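Notes for the one structure printed next.
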Amino acid sequence: MKYINYIWDFGGTLFDTYPAFAKQVIIKLRENSIEEDYDYILSKSKKSKNHLIEELTKRYKLSKELQKEIRKCEKNSPLEDRKPFNTVKDILKDIINYGGRNYIYTHRSFHSAMELLYHYKIFDLFEDIVSKDVGLERKPDPEGFIYIIEKYNLDRSKTLSIGDRVIDVESSKAAGIHTAFFGEDNISADIVFQDFIEFKKIIFV
(Lines of atoms letter the chains of each structure in order from A; the text may use other names.)
(Lines give C-alpha, C1' and ligand atoms only; values in the text may rest on other atoms or scores of the structure.)
Protein backbone atom coordinates (compact mmCIF):
# COMPACT_ATOMS: atom_id res chain seq x y z
CA MET A 49 0.00 0.00 0.00
CA LYS A 50 1.40 3.37 -1.05
CA TYR A 51 0.39 5.31 2.09
CA ILE A 52 -0.45 4.43 5.69
CA ASN A 53 -2.57 7.35 6.90
CA TYR A 54 -5.59 8.64 4.95
CA ILE A 55 -7.31 11.90 5.89
CA TRP A 56 -10.67 12.14 4.14
CA ASP A 57 -12.87 15.11 3.36
CA PHE A 58 -16.55 14.33 3.91
CA GLY A 59 -19.24 15.77 1.61
CA GLY A 60 -18.40 15.33 -2.06
CA THR A 61 -15.56 12.92 -1.23
CA LEU A 62 -16.78 10.12 1.01
CA PHE A 63 -20.45 10.89 0.44
CA ASP A 64 -22.21 12.01 -2.73
CA THR A 65 -24.00 14.92 -1.05
CA TYR A 66 -24.04 17.60 -3.77
CA PRO A 67 -26.98 16.31 -5.89
CA ALA A 68 -29.28 16.03 -2.87
CA PHE A 69 -28.25 19.50 -1.70
CA ALA A 70 -28.79 21.00 -5.17
CA LYS A 71 -32.30 19.51 -5.42
CA GLN A 72 -33.27 21.03 -2.08
CA VAL A 73 -31.86 24.41 -3.10
CA ILE A 74 -34.04 24.32 -6.24
CA ILE A 75 -37.09 23.63 -4.05
CA LYS A 76 -36.18 26.45 -1.65
CA LEU A 77 -35.68 28.92 -4.48
CA ARG A 78 -39.03 27.98 -6.07
CA GLU A 79 -40.73 28.59 -2.74
CA ASN A 80 -39.39 32.12 -3.10
CA SER A 81 -40.49 32.49 -6.77
CA ILE A 82 -36.97 31.96 -8.16
CA GLU A 83 -36.33 29.50 -10.98
CA GLU A 84 -32.74 28.35 -11.42
CA ASP A 85 -31.00 25.61 -13.39
CA TYR A 86 -30.06 22.43 -11.50
CA ASP A 87 -26.69 22.05 -13.24
CA TYR A 88 -25.81 25.64 -12.35
CA ILE A 89 -26.65 25.03 -8.68
CA LEU A 90 -24.73 21.75 -8.65
CA SER A 91 -21.64 23.28 -10.26
CA LYS A 92 -21.48 26.27 -7.90
CA SER A 93 -22.14 24.17 -4.79
CA LYS A 94 -19.22 21.89 -5.64
CA LYS A 95 -16.92 24.84 -5.10
CA SER A 96 -18.56 25.70 -1.78
CA LYS A 97 -21.90 26.64 -0.26
CA ASN A 98 -20.56 30.13 0.33
CA HIS A 99 -19.67 30.47 -3.35
CA LEU A 100 -23.13 29.30 -4.40
CA ILE A 101 -24.88 31.72 -2.06
CA GLU A 102 -22.66 34.60 -3.17
CA GLU A 103 -23.49 33.93 -6.83
CA LEU A 104 -27.22 33.54 -6.16
CA THR A 105 -27.25 36.72 -4.08
CA LYS A 106 -25.62 38.62 -6.94
CA ARG A 107 -28.34 37.37 -9.30
CA TYR A 108 -31.39 37.58 -7.07
CA LYS A 109 -30.50 39.77 -4.08
CA LEU A 110 -31.26 36.97 -1.60
CA SER A 111 -32.32 38.03 1.86
CA LYS A 112 -30.16 37.07 4.84
CA GLU A 113 -32.90 34.71 5.98
CA LEU A 114 -33.04 32.92 2.63
CA GLN A 115 -29.26 32.62 2.61
CA LYS A 116 -29.45 30.88 6.01
CA GLU A 117 -32.17 28.54 4.75
CA ILE A 118 -30.10 27.57 1.70
CA ARG A 119 -27.13 26.72 3.92
CA LYS A 120 -29.36 24.22 5.73
CA CYS A 121 -30.80 22.62 2.59
CA GLU A 122 -28.84 19.37 2.81
CA LYS A 123 -30.50 18.60 6.15
CA ASN A 124 -33.86 18.51 4.37
CA SER A 125 -32.83 15.66 2.07
CA PRO A 126 -33.30 12.00 3.09
CA LEU A 127 -30.21 10.13 4.23
CA GLU A 128 -30.89 7.65 1.44
CA ASP A 129 -30.17 10.43 -1.08
CA ARG A 130 -26.70 11.04 0.40
CA LYS A 131 -24.93 7.74 -0.13
CA PRO A 132 -21.23 6.93 0.07
CA PHE A 133 -19.60 6.86 -3.35
CA ASN A 134 -19.32 3.43 -4.93
CA THR A 135 -16.48 1.25 -3.56
CA VAL A 136 -15.60 3.78 -0.80
CA LYS A 137 -16.62 1.41 1.99
CA ASP A 138 -14.50 -1.39 0.50
CA ILE A 139 -11.49 0.94 0.19
CA LEU A 140 -11.82 2.04 3.82
CA LYS A 141 -11.90 -1.60 4.94
CA ASP A 142 -8.97 -2.55 2.71
CA ILE A 143 -6.87 0.30 4.10
CA ILE A 144 -7.41 -1.07 7.62
CA ASN A 145 -6.77 -4.65 6.51
CA TYR A 146 -3.43 -3.54 5.06
CA GLY A 147 -2.43 -1.86 8.32
CA GLY A 148 -3.51 1.68 7.46
CA ARG A 149 -5.70 4.20 9.28
CA ASN A 150 -8.54 6.46 8.19
CA TYR A 151 -9.36 9.91 9.56
CA ILE A 152 -11.96 12.55 8.67
CA TYR A 153 -11.41 16.29 8.61
CA THR A 154 -14.60 18.17 7.75
CA HIS A 155 -16.16 21.61 8.07
CA ARG A 156 -19.54 20.12 8.99
CA SER A 157 -20.68 19.47 12.55
CA PHE A 158 -19.86 16.23 14.36
CA HIS A 159 -23.58 15.39 14.58
CA SER A 160 -24.06 15.91 10.84
CA ALA A 161 -21.12 13.65 10.02
CA MET A 162 -22.07 10.91 12.48
CA GLU A 163 -25.65 10.86 11.24
CA LEU A 164 -24.46 9.59 7.85
CA LEU A 165 -21.62 7.45 9.17
CA TYR A 166 -23.98 5.59 11.50
CA HIS A 167 -26.72 5.27 8.88
CA TYR A 168 -24.34 3.62 6.43
CA LYS A 169 -22.50 1.65 9.14
CA ILE A 170 -19.00 2.94 8.43
CA PHE A 171 -18.32 5.05 11.55
CA ASP A 172 -16.07 2.34 13.01
CA LEU A 173 -13.73 2.52 10.00
CA PHE A 174 -12.25 5.83 11.21
CA GLU A 175 -9.72 6.55 13.94
CA ASP A 176 -11.02 10.08 14.46
CA ILE A 177 -13.54 12.55 13.04
CA VAL A 178 -12.35 16.13 13.31
CA SER A 179 -15.32 18.43 12.71
CA LYS A 180 -15.97 22.15 12.94
CA ASP A 181 -16.93 21.57 16.59
CA VAL A 182 -13.23 21.28 17.46
CA GLY A 183 -12.91 24.98 16.64
CA LEU A 184 -10.04 24.86 14.16
CA GLU A 185 -9.44 27.29 11.31
CA ARG A 186 -11.28 26.42 8.11
CA LYS A 187 -9.53 25.21 4.98
CA PRO A 188 -7.42 26.39 3.16
CA ASP A 189 -5.74 26.97 6.53
CA PRO A 190 -3.77 23.75 7.30
CA GLU A 191 -4.55 23.78 11.03
CA GLY A 192 -6.96 20.84 10.87
CA PHE A 193 -4.47 18.59 9.12
CA ILE A 194 -1.67 19.65 11.44
CA TYR A 195 -3.95 18.91 14.41
CA ILE A 196 -4.47 15.30 13.25
CA ILE A 197 -0.80 14.83 12.32
CA GLU A 198 0.42 16.00 15.72
CA LYS A 199 -2.31 14.27 17.75
CA TYR A 200 -1.51 10.87 16.23
CA ASN A 201 2.18 11.49 15.47
CA LEU A 202 1.69 10.71 11.79
CA ASP A 203 4.56 10.38 9.35
CA ARG A 204 3.88 13.10 6.78
CA SER A 205 5.62 11.12 4.03
CA LYS A 206 3.12 8.29 4.55
CA THR A 207 0.01 10.48 4.89
CA LEU A 208 -2.46 11.26 2.09
CA SER A 209 -5.42 13.63 2.12
CA ILE A 210 -8.38 12.97 -0.17
CA GLY A 211 -10.72 15.80 -1.16
CA ASP A 212 -12.81 17.18 -4.00
CA ARG A 213 -12.04 20.90 -3.76
CA VAL A 214 -9.03 23.11 -4.40
CA ILE A 215 -8.95 24.14 -0.73
CA ASP A 216 -8.50 20.48 0.27
CA VAL A 217 -5.37 20.29 -1.85
CA GLU A 218 -4.05 23.70 -0.79
CA SER A 219 -4.42 23.04 2.94
CA SER A 220 -2.91 19.56 2.64
CA LYS A 221 0.14 20.89 0.82
CA ALA A 222 0.55 23.60 3.45
CA ALA A 223 0.54 20.88 6.12
CA GLY A 224 3.28 19.00 4.28
CA ILE A 225 1.34 15.87 3.32
CA HIS A 226 0.51 14.18 0.04
CA THR A 227 -2.68 15.10 -1.82
CA ALA A 228 -5.36 13.28 -3.80
CA PHE A 229 -7.96 15.26 -5.75
CA PHE A 230 -11.29 13.66 -6.63
CA GLY A 231 -12.64 15.46 -9.68
CA GLU A 232 -12.13 16.49 -13.27
CA ASP A 233 -10.50 19.89 -12.79
CA ASN A 234 -6.90 20.48 -13.79
CA ILE A 235 -5.52 20.49 -10.25
CA SER A 236 -1.88 20.04 -9.23
CA ALA A 237 -2.07 17.15 -6.77
CA ASP A 238 -0.03 13.99 -6.20
CA ILE A 239 -3.03 11.93 -7.30
CA VAL A 240 -5.94 13.07 -9.48
CA PHE A 241 -8.79 10.61 -10.05
CA GLN A 242 -12.36 10.57 -11.35
CA ASP A 243 -13.71 7.45 -9.65
CA PHE A 244 -12.77 5.32 -6.67
CA ILE A 245 -12.03 2.20 -8.68
CA GLU A 246 -9.21 4.20 -10.26
CA PHE A 247 -8.13 5.49 -6.83
CA LYS A 248 -8.03 1.97 -5.41
CA LYS A 249 -5.69 0.82 -8.18
CA ILE A 250 -3.36 3.73 -7.46
CA ILE A 251 -2.99 3.34 -3.71
CA PHE A 252 -2.86 -0.46 -3.53
CA VAL A 253 0.33 -0.94 -5.53
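Plus 48 on top of the position in the sequence shown (first one is 1) and you've got the working numbering. Here a beta-carbon is modelled for each residue, glycine too, at the ideal position from N, C-alpha and C. Please read these numbers as outputs of a predicted model, since none were measured by experiment.
Pick from R149, E175, V136 and G60: whose alpha carbon is nearest that of E122?
-> Comparing Cα positions, the closest option is G60.
Identify the residues that DSSP records as bridge partners of F229: which are they?
-> Residue pairing by DSSP places F229 opposite G211 and V240 in a beta bridge.
Could you name the residues of the same chain whose beta carbon sits closer than 8 Å to that of V253, not counting the 5 residues immediately before and after it, in chain order?
-> So the qualifying residues of the chain are M49 and K50.
What is the rounded straight-line gap between the Cα of E79 and the Cα of S125?
-> In a straight line, the C-alpha of E79 is about 16 Å away from that of S125.
With burial defined as no fewer than 16 other Cβ atoms inside 10 Å of the residue's Cβ, what is the status of E246: buried or exposed?
-> So E246 ends up on the exposed side.
Could you check the C-alpha separation between L104 and L90 for me, to the nearest Å?
-> In a straight line, the C-alpha of L104 is about 12 Å away from that of L90.
Looking at the structure shown, is D138 part of a helix, part of a strand, or coil, going by DSSP?
-> In the structure shown, D138 sits in a helix (DSSP, three-state: H, G or I).
Return the chain-ordered list of same chain residues with a C-beta closer than 6 Å to the C-beta of W56, the five sequence neighbours on each side being excluded.
-> Counting only Cβ-Cβ distances below 6 Å, and skipping sequence neighbours, we find L62, I152 and I210.
Quick check: the stretch 181-193 against the stretch 215-228, are there 3 or more CB pairs under 8 Å?
-> Under the Cβ criterion (8 Å, minimum of three pairs), the stretch 181-193 counts as touching the stretch 215-228.
4 or more residues per run - each alpha helix (DSSP H) lying fully within the stretch 88-131 | The qualifying runs are 97-108 and 112-119.
Looking at C-alpha atoms only, which residue of F174, S160 and P132 is the closest neighbour of G148?
-> Comparing alpha carbon positions, the residue from F174, S160 and P132 closest to G148 is F174.
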